[in-house]
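Accompanying notes for the structure given below.
There are 2 protein chains.
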Amino acid sequence: MDRVLTGSSPQVLRALNARRVLDHAWDVDAFTASDAMAWTGLTRSTVIGVCDHLVRQGWLDEVDDARAVGDYRKGRPARRYALSDRAAVVVGLDAGYDHMTATVADLRGTPLARSTVGIPARTPESIDRLADAEARRAFARRTIEQAIASSGVDPRQVLAITVGVPAPVDDAGRSPGHHWFWELVNPGFGSTLAGLAPIVQIENDANLLAIAEGAVEEGRGRGVHSYVAMVVGEGIGSGLMIDGRLIRGRRGGAGEMRFLDRVEGVGSPDGLALLCRAWAIEAIRSGTLPEGSLLGRLDPDTLRESDVEEAADAGDAAAIAILDRLGDRLAVICLVVGDLLDVDLVIVGGAIADALPAVIRRARATLADSDDPTAPELVASRLGPEAVGTGAIHYALGLVRERALDLAPGARHVA
Amino acid sequence: MDRVLTGSSPQVLRALNARRVLDHAWDVDAFTASDAMAWTGLTRSTVIGVCDHLVRQGWLDEVDDARAVGDYRKGRPARRYALSDRAAVVVGLDAGYDHMTATVADLRGTPLARSTVGIPARTPESIDRLADAEARRAFARRTIEQAIASSGVDPRQVLAITVGVPAPVDDAGRSPGHHWFWELVNPGFGSTLAGLAPIVQIENDANLLAIAEGAVEEGRGRGVHSYVAMVVGEGIGSGLMIDGRLIRGRRGGAGEMRFLDRVEGVGSPDGLALLCRAWAIEAIRSGTLPEGSLLGRLDPDTLRESDVEEAADAGDAAAIAILDRLGDRLAVICLVVGDLLDVDLVIVGGAIADALPAVIRRARATLADSDDPTAPELVASRLGPEAVGTGAIHYALGLVRERALDLAPGARHVA
DNA sequence: CCGAATAGATCTAGAGCCTAGATTTATCCG
DNA sequence: CGGATAAATCTAGGCTCTAGATCTATTCGG
């Protein structure tokens with residue numbers, strides 16, 4: 001911060017080493033100079049110089065728990081450093097169709113505050129393009145500002161904001177304009193939020209689910225490097241994490257599932273929650289259900305997916321048939337995507353993961369029985385409704401981590 | 001080379017700058033210190049130091065055509081440097097099912113020598129796993145050694161060898177063992193070739209086609225960053241270049257096309273050349289062809305794809321119908337892959353690009369007529385039979401370019 | 001043919017960053 | 001309280017970079 005370098009200069013080396021140390025600092029609770037020496041191969045003098053540098057910049061804190069931890073027995077106790085997790089924060093905004101949730105989290109990803117607003121529903125008929133876009137941008141900004149306020153951090157400490165939307169998003173943060181829904185849910189948040197943080201990024205919600213799942217997996221042992229995260233509910237979207245990185249495609253449309261209308265045994269890109277209801281209603285109205293059918297007693301107008309699952313649990317044959325059909329459908333989708341992309345694992349989130357676990361069980365069984373040696377494993381997301389927000393946080397943290405040294409973390413005004 | 005560094009040291013900076021300069025040197029014919037200053041933002045003194053360094057290592061030559069080129073008008077003429085393209089070479093081996101072709105190329109990718117051998121055909125019945133594997137490894141080594149010998153370069157100048165095989169290949173260069181064909185065509189070349197070059201890499205042939213097409217496109221203007229390269233002949237394989245990088249998947253199986261048996265209007269992963277012959281034979285044997293049909297006159301036992309195309313060109317209705325069917329099939333494949341991966345462009349190589357251009361024309365027309373706003377463009381590869389070899393060369397060059405400074409190029413023994 | 005004008009090459013300090021090794025400091029242990 | 005031990009600090013020296021002065025090769029106009 002104190003000096004801006006033209007091109008490359010002697011200080012570049014220092015910056016490089018600082019980067020290496022800081023990056024490792026993210027993965028541990030605290031560390032000593034000896035740890036950093038092992039990480040980097042640098043001399044103790046150098047490492048200490050680098051750490052001092054990072055402390056001065058606000059990235060590291062010197063934590064004096066050398067004796068408290070009890071990690072050592074003999075010799076002079078080592079100074080210990082730790083990522084200054086309260087020095088800066090990031091914000092993740094889950095900007096869904098009918099609600100928005102902003103989460104403020106520290107540099108470790110621990111949520112500090114959360115704020116939610118509901119949004120009036122819109123249909124292609126009731127939409128007012130410009131007004132609704134403007135309203136949505138205002139909702140987003142207000143939700144984020146509320147979350148920041150209730151977290152109690154200085155707004156200047158926000159280094160990055162990530163917004164998750166249910167639409168494909170290209171490198172510049174835009175969604176294709178030829179679709180009313182995409183245009184509605186991604187009305188160009190960039191300019192509205194630009195003032196709130198040095199980094200603002202829009203991202204597809206399924207991609208964020210993929211990132212969230214990856215972060216969780218990494219937490220428990222080794223990360224999986226190729227998997228697909230599917231958001232299955234009213235529609236189907238997917239985030240493709242292949243070879244350890246997210247596949248976006250030309251216009252951010254990678255993972256779109258329209259092609260399912262050409263797959264045998266699928267035939268449409270509809271979401272399984274939608275189909276579950278549609279098939280149940282069809283069965284009820286067909287009048288072919290047997291006398292005491294549980295499914296038959298449901299009201300077609302207020303019926304929900306979970307009602308069908310309950311009926312099936314209670315042994316209703318027609319409900320079981322619907323879930324079986326949905327399970328087979330999901331299995332076929334997994335096989336197709338798994339084959340083309342050679343992934344290990346498909347993680348399903350969205351409405352279906354919560355409301356229709358039996359569908360996922362059924363699809364798992366079908367996959368296990370298949371003779372395909374490369375059939376992927378299928379699991380339900382365990383992240384629940386905060387999944388997209390969590391992914392947004394982790395994505396934002398990744399952005400901060402990448403460019404950490406360009407972003408001095410706040411002016412270190414201790415509260 | 002003269003000193004091995006422990007961890008990071010002051011010399012790291014020099015290495016970093018050398019890397020930057022050298023990397024740019026690859027993209028230009030020759031350059032002056034002023035050019036390098038613009039690239040790197042370094043001082044003239046520093047740049048000249050770096051260039052001297054690279055000349056001493058053998059990567060650059062000082063070319064004294066300052067006045068010959070006529071690039072300047074006034075002032076002291078600048079010293080000019082150029083990548084020493086003859087200082088080192090790479091080898092690409094196209095290791096197909098029934099033949100192998102090795103190509104030796106200089107650091108610019110210009111072919112210097114080529115050597116081909118035919119390989120006895122094998123079927124699941126006639127195969128002798130161990131003996132055939134050993135024979136194939138020997139063929140590969142011999143073909144490469146022949147090509148190097150006929151190129152006249154010192155074998156120690158070979159910095160990298162890439163082998164392209166018609167099978168999925170994982171990070172370690174292995175193909176899944178559960179398939180006789182894959183096991184046959186990739187019998188583990190790594191250990192056999194390890195002595196011939198410091199870098200040896202096995203890669204899938206469709207991936208190499210993708211790299212070759214990318215290198216060609218980059219040559220003529222800006223490179224496309226998301227496209228699919230398909231090798232269509234007896235089977236269909238594809239190389240997925242998305243967001244500027246090759247998608248491999250867990251076991252290197254990304255781009256496999258077995259899932260096509262689940263796509264409506266396709267139904268099998270068979271190659272279009274195979275189907276073309278099969279359908280033609282079926283038509284001939286069905287006895288339903290009209291009296292003077294050109295197609296009817298062909299001998300089912302010796303018929304080739306190009307015969308069908310010729311018949312269609314001459315107006316034969318049955319032949320035209322076959323090509324139309326093939327074209328529709330190809331269009332559907334493009335739509336499915338294009339949708340899931342959001343690619344701009346599908347490039348088709350293999351037997352079909354040469355023998356059945358009408359199929360590609362027909363598929364192009366179908367795609368253009370489709371109401372899909374994201375339908376990819378379809379083009380035939382123009383690289384011909386050397387495509388895989390060219391891709392192998394470019395892949396090897398990429399590897400050399402990445403690790404250039406770890407590989408001093410030869411001992412500079414001028415011929 | 002000669003002397004500006006021009007632009008690249010070289011030279012000279014000086015500063016930053018790193019290493020290696022000697023010295024000092026903080027702590028445990030008997 | 002005096003080793004033993006491991007971390008921190010200090011010192012000297014080397015490498016690489018920058019900035020700016022000086023030198024050199026060439027064109028061009030008179």
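Protein chains in written order, with my numbering: chain A, 1 to 415; chain B, 1 to 415.
Backbone N, C-alpha and C define an ideal beta-carbon position, used for all residues, glycine too.
- In the DSSP assignment, B:PRO166 forms no beta bridge with any residue.
- Contact of A:THR374 with chain B is assigned, a C-beta pair being separated by under 8 angstroms.
- When the alpha-carbon of A:GLU145 is set against those of A:ALA131, A:ILE161, A:SER293 and A:LEU130, the nearest one is in A:ILE161.
- Per DSSP, the unbroken beta strand (DSSP E) holding A:ALA95 starts and ends at 89-95.
- Residue pairing of A:ILE202 in beta bridges, as defined by DSSP: A:VAL163.
- By the Cβ neighbour-count rule, A:HIS394 is buried, with 16 or more other Cβ atoms within 10 Å of its own.
- Note on geometry: alpha-carbon atoms of B:ALA105 and B:GLN157 lie some 11 angstroms from one another.
- Residue range 60-63 is occupied by the beta strand (DSSP E) that includes B:GLU62, with no alpha helix (DSSP H) assigned at that position.
- Nearest to A:ASN17 by C-alpha distance, out of B:ARG20, B:SER9, B:ASN17 and B:ILE320, is B:SER9.
- Non-local beta-carbon contacts of B:CYS276 in its own chain, meaning distances under 7 angstroms to residues more than five positions away in sequence, involve GLU305, VAL308, ILE322, LEU326 and LEU356 in chain order.
- Closest in alpha carbon position to B:ALA318, among B:LEU246, B:ALA95, B:PRO290 and B:VAL90, is B:PRO290.
- Listed along chain A, the residues sitting closer than 7 angstroms to B:SER226 by beta-carbon distance are GLY249 and ARG250.
- Note on A:THR366: 16 or more other CB atoms within 10 angstroms of its CB, so buried under the neighbour-count rule.
- For A:ASP344, the residues of chain B that pass the 7 angstroms Cβ criterion are ARG250, in the order they occur in the chain.
- Burial state of B:PRO168 is buried, judged by a 10 Å Cβ sphere holding 16 or more other Cβ atoms.
- For the alpha helix (DSSP H) assignment, the uninterrupted runs of no fewer than 4 residues enclosed by the stretch 275-326 of chain A are, from N- to C-terminal side, 305-313.
- Taking the C-beta atoms as reference points, B:SER34 is found no nearer than 8 angstroms to B:GLY58.
- If you check the CB distance, A:ASP316 and A:LEU294 come in under 8 angstroms.
- Here the alpha carbon of A:GLY384 sits roughly 10 angstroms from the alpha carbon of A:LEU209.
- Boundaries of the alpha helix (DSSP H) harbouring A:MET37: 33-40, taken from the DSSP string.
- In this structure, B:GLY391 is the residue among B:HIS178, B:ALA78 and B:GLY391 with its C-alpha nearest to the C-alpha of B:GLY349.
- Going by beta carbons, A:GLY118 and A:HIS99 fall inside the 8 angstroms limit.
- Counting C-beta atoms within 10 angstroms of its own C-beta, B:THR123 has fewer than 16 neighbours from the protein chains shown and is therefore classed as exposed.
- Around the C-beta of B:GLU256, 16 or more other C-beta atoms lie within 10 Å, and the residue is accordingly described as buried.
- Beyond the five residues adjoining it in sequence on each side, B:VAL346 comes within less than 6 angstroms, by CB distance, of VAL228, CYS334, PRO376 and LEU378 in the same chain, given in chain order.
- Residue state for B:ALA375 is assigned as coil, using DSSP reduced to three classes.
- B:LEU340 and A:ALA78 have their C-alpha atoms roughly 53 angstroms apart.
- In this structure, the beta-carbon distance from A:ARG250 to B:SER226 falls below 8 angstroms.
- Against chain B, the CB of A:GLU218 has no partner CB under 8 angstroms away; the residue lies outside that interface.
- Under the Cβ criterion of 8 angstroms, A:HIS178 is counted among the residues facing chain B.
- Inter-residue distance for B:ILE320 and A:ARG141 is about 60 angstroms (C-alpha atoms, whole angstroms).
- Interface flag for A:VAL91 against chain B is unset, since no Cβ pair is found closer than 8 angstroms.
- Cα atoms of A:ASP372 and B:ILE242: separation of roughly 26 angstroms, rounded to the nearest angstrom.
- Rounded to whole angstroms, the separation of the alpha carbons of B:SER268 and B:PHE259 is 8 angstroms.
- Shown here, A:ILE48 sits in a helix according to DSSP, grouped into three states.
- In the structure shown, A:SER115 adopts extended strand secondary structure according to DSSP, grouped into three states.
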